[in-house]
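What follows is a set of notes on a single structure, which appears directly below.
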Amino acid sequence: MKFYTVEIEARRELGAYTLISYRWPGEKVEPGRFVMARAAGYPVTLDPFLARPFSFYDFEDGVASLLFEVRGRGTALLDRATRTVEVTAPLGRGFEIDASAGRAALLGGGIGVAPLKILGRELSARGIDHDVFLGFLDAGTAAVADDFAGASVATMDGSAGTHGTVLDAAPDLLEYPVVYACGPNAMLAAVKDAAGPDGLRQLSVEERMGCGNGSCNGCVVPVDGGYVRSCVEGPVFRAEVLAW
Amino acid sequence: MKFYTVEIEARRELGAYTLISYRWPGEKVEPGRFVMARAAGYPVTLDPFLARPFSFYDFEDGVASLLFEVRGRGTALLDRATRTVEVTAPLGRGFEIDASAGRAALLGGGIGVAPLKILGRELSARGIDHDVFLGFLDAGTAAVADDFAGASVATMDGSAGTHGTVLDAAPDLLEYPVVYACGPNAMLAAVKDAAGPDGLRQLSVEERMGCGNGSCNGCVVPVDGGYVRSCVEGPVFRAEVLAW
Amino acid sequence: MVVRERVTGVDLSVEMCGITLSTPLVPASGTLAKEALGEVEGVYGAILPKTTTPAARAGNPPPRVAETPAGMVNSIGLQNPGVERFMEDLDAFDLGVPLFVSVAGETVRDFAALCERVSEDGRVAAVELNLSCPNVEHGGLTFCAGPAAVEEVVTACRAAAPTKPLFAKLTHEGVVGNARAAESAGADALTVMNTIPALTIDAKRRSVLVRGGLSGPAVKPVALKAVHDVARTVRVPVLGGGGVTSGTDVAEFMLAGATLVQVGTASFVRDPVEILAEFSDYLREAGMGAAELTGALR
Amino acid sequence: MVVRERVTGVDLSVEMCGITLSTPLVPASGTLAKEALGEVEGVYGAILPKTTTPAARAGNPPPRVAETPAGMVNSIGLQNPGVERFMEDLDAFDLGVPLFVSVAGETVRDFAALCERVSEDGRVAAVELNLSCPNVEHGGLTFCAGPAAVEEVVTACRAAAPTKPLFAKLTHEGVVGNARAAESAGADALTVMNTIPALTIDAKRRSVLVRGGLSGPAVKPVALKAVHDVARTVRVPVLGGGGVTSGTDVAEFMLAGATLVQVGTASFVRDPVEILAEFSDYLREAGMGAAELTGALR
Ligand SMILES: Cc1cc2nc3c(=O)[nH]c(=O)nc-3n(C[C@H](O)[C@H](O)[C@H](O)COP(=O)(O)OP(=O)(O)OC[C@H]3O[C@@H](n4cnc5c(N)ncnc54)[C@H](O)[C@@H]3O)c2cc1C
Ligand SMILES: Cc1cc2nc3c(=O)[nH]c(=O)nc-3n(C[C@H](O)[C@H](O)[C@H](O)COP(=O)(O)OP(=O)(O)OC[C@H]3O[C@@H](n4cnc5c(N)ncnc54)[C@H](O)[C@@H]3O)c2cc1C
Ligand SMILES: Cc1cc2nc3c(=O)[nH]c(=O)nc-3n(C[C@H](O)[C@H](O)[C@H](O)COP(=O)(O)O)c2cc1C
Ligand SMILES: Cc1cc2nc3c(=O)[nH]c(=O)nc-3n(C[C@H](O)[C@H](O)[C@H](O)COP(=O)(O)O)c2cc1C
Ligand code: FES
Ligand code: FES
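Chains as they are written, first to last, in the working numbering: chain F, 401 to 644; chain S, 401 to 644; chain B, 1305 to 1602; chain U, 1305 to 1602.
As structure tokens, then:
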């Protein structure tokens, strides 16, 4: 896998999360696609060993941005990076957009809000009406919602917005012909359930990845009759495809 | 082994070598002692894995300095460090100093000049007369000699000073009651030969190290009847002890 | 082809089992998807897809990969579409270089049938027997059990594919004995080594994370020893691998005795183009051609 | 004692073979010199010096250590002053905690004589049999050869040291079979694992750098599997180790089934005080005592 060393254009904190942006000279970035990223690789270091997958948060005027939550060592090191990071080209299959389908609901859980920013931008650009619903653990992580104008917010501890899950903040999903969701797999399963079988229902899944380009078969999700790789056939799947 | 994260006070290039200094609150540093150093260790990284041994170049007013040559990955990363490095407390046995013994010759080969700066400072402080002879590959590496006032220089390619080895730049070593040398082991063996068996002849050796505190038995040098660890019984040895 | 410019002026070509390869690099089976082939044009002297089995295999449930210090543990479970679908799709792996095919069965008969099936196809230059996959509870595992099992499988495969070069891929455990057995049963070359059985634990959840095979730079010193030991024992050529990450690593494996070098896990975190370029730099500095390097330890 | 403050409020004590230890950490044999003991006061529940042999051993010529990705290869060759000088000097290892002594011979008789010699000394709490050192060409190596050899040595040592706990230290190759053999021959505990045979090459010089044993974080997933496999097979307690580098690693080995955890190579690059402090943090968060952790995988 080819990694590009890119300079960090900007870095800021959005509540509990960190946003970094870099110039990406390539094609337009489709919402829902992702990169493998790391603070540094060989020859600087072989540990941590694997790069980490991150959805694009935004892409505007040739500047791509990633929003991330510090969880373990890889994200801690990314958070410390001041000058450069190493990223792949955009990977995977993003969200399907169907301008004729009608109003869309966008649901994000925790750091799963990430791809909804760029998705919302694209929907707006195409004149597609959409509502954004974001669920968080607490007010600290919910602070990122300020970057989503008009979004409805829920927190598990009730410290901001509706008390409960993202589904508690959203109206009946069955009324939306299009539903997009990103968050922990458990949330996605709940959304799949609540959104019903009809219409365009798209879920961005989160699996451990080795390579990001289809080579390792590590990032699979269950589908009817087996498993498929979420890095090349996803990370965005039609809900009905996932055997959850 | 305990490592201390220390801030880099100053960093400059001395010809082909790099000098970094940091505040060391501990006891006075004895000439010939060394530290294990690295750009970063766990939790930042486990690769490169081992720290590298470096002699103290100088110690003045609580500021210690190391002079190093970029050879492989560990030294390349140290060379890139801008804010902090990780070092152990001073390790090993340094040079024996005998004020009553008389005039000393200090011989350094390449980056082996490192411990001669702090040694020269100590000898001067104690009023011990000494001459410094430094050998290098070429003028680029020889540039560090500017930091050794009055030193005689030789280069293998003749681009600076005497054409030849450090021994070609030095007078008959037999005339010196005290001889100190640091450099590649082959040079040390030649110095041992040239300096003869009498008087105080001290060589600072260079062996691959695992731990630096005597634990691994990795850094041994041959002595009569076996091997001894150069990190605790050295790195400075009386020449007659070494079974070279 | 971006590689070409960076590798001019050195002779990268090698020869093994009568096959001439433009470079000694080969992807390790199971680490290069057809979707990623475009990135590596010009790098590999041959292509080697993921192991195929008689019937389709769904593989193991996730999580299948876990990061470890300078490496990773995987438990894919030989997910593949089965040999028939695999052969239908074979042209997808055509990069204009020889194509090696890796097979694994659960019985000796399976292995032989697979060898017959794939070797009869003109597009297949050689067959690698995956005798060592640690993830298959029945079948695979038994074939690392010792020289007798190795000899039995290789003998059957030899008979089933009499015209094609046959490589036996071995784990590091008991590798020298297994290598001797494979050679005497007629293997044309030996692939050394596969992943090392390993386990990762999620301490926070107090549960097993992934039980599978360790690969990547962490295993390199173990693989180098296995290659060195085998190359000094057998006469047939060795495809060496395990943790190869840089051009210097390629050189180390060839010095240890490998004729071809497999690049696996490292290709997830580095561009193999760089590895070949670094290897070319090494050869240029050494003033040697790739083919001269095999076993050239002083 | 700097450690004390950082580890209060959790119960670090464990019990093994009737010995109570203040912490489950033990230095791995050959990785903690008496010169370095001052740095680790309060960290280890027992002290375990480098393996001693019947006569003094000069060890191997340098280079003896080589760095590898997240690890190192060593070829010390069991340098030690011989059992008599070792025992004379034993008080140097007195940190007020139990003292385990590691022994290795080249014959079964050697092993038994060593066990007799060291176990009769009141300062010795237990004896570890180094059955697995990969650096000794004659002797050591043969004792990893298989269950029969392991059984023979352990049986002889059991008879020679009937009153002291006896630990058999095993390599990962064939570890389950060897563990069963050691247990049935009377070992009171098993140490799993030693280094993994490995090789490093200096590509620039085209020469072997160090041929020896791989240790450090790189081997952790292999060691964890070995400990897990053995702990599920035998009834006797396990001293687990191989790559332990952090407090989380200590927890992982205990979860895999270890009662005590050995810290080796990592102590060259980290302060063991930190490892114990991290382990204490883990226990505090988990709301568990160290002794409860052994085998507590969900
Ligand atoms: C397609 C995709 C898009 C993602 N987008 C984002 C994003 O925009 N922002 C964001 O903050 N996070 C995102 N994630 C999750 C992110 O990849 C993990 O948080 C990150 O890998 C954790 O790495 P670490 O070093 O902090 O944790 P560690 O626990 O140290 O990681 C150890 C290993 O486990 C893997 N791992 C651990 N947790 C996860 C996880 N939850 N998902 C996948 N792999 C994991 C790591 O990649 C690494 O290989 C995304 C994941 C996927 C699959
Ligand atoms: C007591 C002592 C004092 C030293 N003082 C200095 C000094 O003041 N300045 C300086 O520049 N160098 C000094 N050296 C040499 C310095 O330690 C090596 O240049 C350095 O370890 C090379 O590391 P690397 O990562 O650049 O090379 P790599 O080749 O990447 O190192 C790989 C491994 O080999 C070891 N290694 C490689 N070359 C040497 C070598 N020549 N000596 C010892 N170990 C080696 C490394 O420590 C590391 O473990 C000293 C060595 C010793 C033993
Ligand atoms: C994700 C993954 C999948 C693998 N699948 C296979 C396989 O299908 N068949 C096989 O023979 N080896 C397989 N291997 C083993 C590799 O081919 C290789 O032998 C091993 O990983 C060691 O080399 P490396 O460290 O360069 O990866 C796989 C390895 C990985 C990491
Ligand atoms: C430098 C060094 C010397 C060692 N010497 C011995 C020894 O004398 N006896 C022994 O049983 N194990 C010895 N070992 C093996 C360790 O005790 C330990 O089993 C192994 O290194 C794996 O653990 P680690 O990865 O934590 O180091 C040695 C290891 C190293 C690195
Ligand atoms: S991450 Fe490797 S196949 Fe998807
Ligand atoms: S470096 Fe470990 S004993 Fe000297």
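Every residue, glycine too, gets a C-beta built ideally from N, C-alpha and C.
Compare the Cα-Cα distances from residue i to each of the options and report the closest residue.
{"i": "U/R1525", "options": "B/T1504, B/G1547 and B/V1523", "result": "Residue identity check: residue 1525 of chain U is Pro in the sequence provided, not Arg. Residue B/T1504 is the option with its Cα nearest to U/P1525."}
{"i": "F/M436", "options": "F/A416, F/M401, F/K428 and F/I408", "result": "F/M401"}
{"i": "S/G599", "options": "S/E409, S/A499 and S/G462", "result": "S/A499"}
{"i": "S/P509", "options": "S/R521, S/G618, S/G494 and S/V605", "result": "Reading off the sequence, residue 509 of chain S comes out as Gly, not Pro. Nearest C-alpha to S/G509: S/V605."}
{"i": "U/Y1455", "options": "U/A1463, U/A1489, U/A1359 and U/V1542", "result": "Just to set this straight, residue 1455 of chain U is Glu in the shown sequence, not Tyr. Of the listed residues, the one whose Cα sits closest to U/E1455 is U/A1489."}
{"i": "F/P584", "options": "F/S421, F/I497, F/V513 and F/A410", "result": "F/V513"}
{"i": "U/E1477", "options": "U/A1465, U/A1464, U/R1484 and U/G1450", "result": "U/G1450"}
{"i": "B/F1572", "options": "B/A1332, B/L1325, B/C1321 and B/V1534", "result": "B/A1332"}
Run down chain U in chain order and give the residues with a C-beta less than 9 Å from the C-beta of residue i.
{"i": "S/F403", "result": "V1573, R1574 and D1575"}
If you measure between the beta carbons of residue i and residue j, is that distance less than 8 Å?
{"i": "B/E1432", "j": "B/K1468", "result": "no"}
{"i": "U/L1559", "j": "B/R1515", "result": "no"}
{"i": "U/I1500", "j": "U/A1430", "result": "no"}
{"i": "U/T1563", "j": "U/T1537", "result": "no"}
{"i": "B/G1544", "j": "B/V1531", "result": "yes"}
{"i": "B/S1406", "j": "B/P1366", "result": "no"}
{"i": "S/A569", "j": "S/V579", "result": "no"}
{"i": "S/G626", "j": "U/A1362", "result": "yes"}
{"i": "S/F456", "j": "S/I528", "result": "no"}
{"i": "B/A1502", "j": "U/K1338", "result": "no"}
I want to verify the contact list: residues of chain B whose CB lies under 8 Å from the CB of residue i, in sequence order.
{"i": "U/R1602", "result": "R1509, R1510 and S1511"}
{"i": "F/R608", "result": "P1366, P1367, R1368, V1369 and A1370"}
Could you list which residues in chain F have their beta carbon closer than 9 Å to that of residue i, in chain order?
{"i": "B/T1549", "result": "Y442 and L446"}
Residues in the same chain with beta-carbon distance under 8 Å from residue i, minus the five sequence neighbours each way, listed in chain order, please.
{"i": "U/R1588", "result": "G1313 and V1314"}
{"i": "S/F403", "result": "M436, R438, G441, A451, E486, V487 and T488"}
{"i": "B/A1594", "result": "V1314, D1315, L1316, S1317, V1318, T1327, P1328, M1558, F1583 and L1587"}
Enumerate in chain order the residues of its own chain whose CB-to-CB distance from residue i is below 7 Å, with the five nearest sequence positions on each side excluded.
{"i": "S/A643", "result": "P622, V623 and D624"}
{"i": "S/G540", "result": "G415 and A416"}
{"i": "S/L559", "result": "In the sequence under discussion, the amino acid at residue 559 of chain S is Ser, which differs from the Leu named in the question. Cβ within range, chain order: D538 and A539."}
{"i": "U/E1420", "result": "A1464 and A1465"}
{"i": "U/R1368", "result": "N1378, S1379, I1380 and V1514"}
{"i": "S/A481", "result": "I408 and A439"}
{"i": "U/V1540", "result": "E1487, A1491, D1492, A1493 and L1494"}
Given that residue i touches chain B, what residues does it touch there, using C-beta distances under 9 Å?
{"i": "F/V641", "result": "The contacting residues do not exist; F/V641 stays about 15 Å from chain B at best."}
{"i": "F/V435", "result": "By Cβ distance, chain B contributes nothing, its closest Cβ being about 14 Å from F/V435, past 9 Å."}
Note down, in chain order, every chain A residue with its Cβ under 7 Å from the Cβ of residue i.
{"i": "B/P1521", "result": "Protein chains in the displayed structure are F, S, B and U, and chain A is not among them."}
So, at 6 Å on beta carbons, what are the nonlocal neighbours of residue i in its own chain, with the 5 sequence-adjacent residues on each side left out?
{"i": "S/L419", "result": "R412, S465 and L467"}
{"i": "F/A639", "result": "K592, R601 and L603"}
{"i": "S/Y417", "result": "L467, E469 and V544"}
{"i": "U/G1591", "result": "none"}
{"i": "U/S1423", "result": "V1431, A1465 and K1468"}
Kindly list, in the order they appear in chain U, the residues whose Cβ is closer than 7 Å to that of residue i.
{"i": "S/G614", "result": "A1337, E1339 and A1340"}
{"i": "S/V632", "result": "E1339"}
List the residues of chain B whose Cβ lies closer than 7 Å to the Cβ of residue i, in chain order.
{"i": "F/Y627", "result": "A1362, G1363 and Q1383"}
By the criterion of Cβ-Cβ separation under 8 Å, what are the contact partners of residue i in chain S?
{"i": "U/E1343", "result": "M401, K402 and N613"}
Mind listing the chain U neighbours of residue i? Cutoff is C-beta to C-beta under 8 Å, in chain order.
{"i": "B/A1502", "result": "P1525, V1526, L1528 and K1529"}
Interface residues of the stretch 1369-1384 of chain U facing chain S [CB-CB below 8 Å]: Taking 8 Å as the Cβ-Cβ cut-off against chain S, the residues of the stretch 1369-1384 of chain U that qualify are V1369, A1370, E1371, T1372, P1373, A1374, G1375, M1376, N1378, I1380 and Q1383.
Interfacial residues, the stretch 447-476 of chain F to chain B, with Cβ spacing under 7 Å: Within the stretch 447-476 of chain F, the qualifying residues are D447, P448, F449, L450 and A451.
Residues of the stretch 1551-1566 of chain B with Cβ closer than 7 Å to any Cβ of chain U, in chain order: Within the stretch 1551-1566 of chain B, the residues whose Cβ lies closer than 7 Å to any Cβ of chain U are, in chain order, T1552, A1555, E1556, L1559 and A1560.
Chain-ordered residues of the stretch 1522-1544 of chain U with a beta carbon less than 7 Å from chain B: Answer in chain order: A1522, K1524, P1525, V1526, L1528, K1529 and H1532.
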